[in-house]
Ligand SMILES: [Zn+2]
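Right, here's the structure in full:
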């Protein structure tokens, strides 16, 4: 099918009506199969004798087809196997699962034997969804997102990315826009891929500061005599700044009595609460931003010499954490065999491509700029393809994303995979020699 037959017009409206014919063209001409194959092969597609040629073929893919038909445990041996299956089935959604001990498509053959079907490896993944922030954003709710609440996702990327690199020593981290309301993170270092469920749960717990449930007033409880260095760094480098310079005003956090009361509920001292409430009843009209004004009053009162009790001083930090700290879907991170939507998929409700986000430039990322299927097809129709271009995506708004994926993520990753494979192989050879000499 050609794009002319699809008859698409350039249309950047949001949300974009999802169209299966558009999706066919996308899979036919734009989806970066080879890059995805190279990524998920982790160097095992090379010629080195240490390569595990079965590696990619033991990875689970799952396709969601039209009418919610769900195909789990799909597997492919080569980039062209993957390409052919995607083009033929035209999945609305592609999920990536674990690498198993055997080919997932043949799992039944192994179900009864000694060789039970078991997940062995999988990227450490994080899923952050803006709908989990509904109690701290007033501009949108549910799946909706706008430029006033998206900074919550930017905060999450900065906090988690910095910690994964500095506290855990991971280097190969891919952030991806989920196509609608959140972000996904894939940690691809060998030592991350080989974490077991308990270790994954421990990493997820490291990021947990939320205690209690929906009904408790203080969602964040920063316990102990001193804050953990990770929380101090997150607070001083990211959270405080984005709370005070962005969210405070853009979310109008102190603009109504109801919103003020919500914040007062987090202060565990009745005298301070009544003093603040009285002040805020007076200053309904101030020259400056009312949110900034009231926040300064709150800070002044809580941090003044009168209130030396640590719980009260800590309260300012707890409020900032409550409104800004990343909210992870812990279950996604805990399990080796949890599925997660593949990068470069298209979100069926928005028509937007799940493009990578450069954490170094996450401030500039605007979900409303993520290419939609109709925009991409419009660009293809304009005939942007030139002979000097690598692929058709090169001439479209997808080009920047594929180039980032290749140059900033894939190249350094594959370089380190090559090192891993070589050192693992020489260790094996050495071991072989030693056992022979016995
Ligand atoms: Zn919003």
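Residue numbers (the working numbering): -12 to 425. Where a beta carbon is used, it is the ideal one built from N, C-alpha and C, also for glycine.
The Cβ atoms of residue 341 and residue 30 do not sit closer than 8 Å to each other.
Under the 10 Å beta carbon count, residue 328 is surrounded by 16 or more other beta carbons and is classified as buried. Contact between residue 17 and residue 363 holds: CB atoms are separated by about 6 Å, below the 8 Å threshold.
The stretch 58 to 69 makes contact with the stretch 32 to 49: 3 or more CB pairs, one atom from each, lie closer than 8 Å. Here the alpha carbon of residue 392 sits roughly 14 Å from the alpha carbon of residue 347.
At least one heavy atom of ligand 1 lies less than 7 Å from the C-beta of residue 124.
DSSP, read as helix, strand or coil, puts residue 85 in strand. When Cβ pairs closer than 8 Å are counted between the two stretches, the stretch 75 to 90 is seen not to touch the stretch 268 to 286, the count staying below three.
With a threshold of 7 Å, the Cβ atom of residue 175 does not count as near ligand 1, since no heavy atom of the ligand is closer than that. In the three-state DSSP reduction, residue 49 falls in the strand class (E or B).
Fewer than three Cβ pairs drawn from the stretch 116 to 136 and the stretch 152 to 160 lie within less than 8 Å of each other, which leaves the two stretches out of contact. In this structure the stretch 101 to 121 lies against the stretch 315 to 325, because at least three pairs of beta carbons, one per stretch, are closer than 8 Å.
Between the C-alpha atoms of residue 35 and residue 349 there is a straight-line separation of about 37 Å. Using a Cβ distance threshold of 8 Å, residue 251 and residue 284 do not count as a contacting pair.
Looking at the DSSP output, residue 343 shares a beta bridge with 163. Within its own chain, the residues whose Cβ lies closer than 7 Å to the Cβ of residue 270, once the five positions on either side in sequence are excluded, are 280, listed in chain order. By the C-beta density criterion, residue 129 is exposed, having fewer than 16 other C-beta atoms within 10 angstroms. Segment contact: the stretch 139 to 146 against the stretch 321 to 338, fewer than three CB-CB distances shorter than 8 Å; contact not assigned. By alpha-carbon distance to residue 158, the top candidate from 169, 171 and 175 is 175. If you draw a 10 Å sphere on the C-beta of residue 110, you find 16 or more other C-beta atoms in it, and that means buried. Looking from the CA of residue 54, the closest CA among 68, 78 and 415 belongs to 78. In the DSSP annotation of this structure, residue 394 is not part of any beta strand (DSSP E), being labelled neither H nor E.
Annotation: residue 144 is outside any beta strand (DSSP E); the continuous alpha helix (DSSP H) that includes it extends over 138 to 153. Linking residue 138 to residue 421 through their CA atoms gives a straight-line distance of about 57 Å. Spanning the alpha carbons of residue 45 and residue 76 requires a straight line of approximately 20 Å. The stretch 210 to 226 makes no contact with the stretch 171 to 189, as fewer than three CB pairs between them are under 8 Å. No Cβ-Cβ contact shorter than 8 Å links residue 163 with residue 222.
Here residue 238 is buried, its C-beta having at least 16 other C-beta atoms within 10 Å. For residue 132, the distance from the CB to the nearest heavy atom of ligand 1 is below 7 Å. Residue state for residue 268 is assigned as helix, using DSSP reduced to three classes. By the neighbour-count definition (other C-beta atoms within 10 Å, threshold 16), residue 166 is a buried residue. Remark: C-beta atoms of residue 230 and residue 310 approach each other more closely than 8 Å. In terms of side-chain proximity, the C-beta atom of residue 158 is found no nearer than 7 Å to any non-hydrogen atom of ligand 1. By alpha-carbon distance to residue 195, the top candidate from 106, 320, 395 and 87 is 320.
At the C-beta level, residue 12 and residue 42 stay beyond 8 Å of one another.
Exclusion of the five residues before and after residue 226 leaves 142, 146, 307, 308, 311 and 312 as the residues of its chain whose Cβ lies within less than 8 Å of its Cβ.
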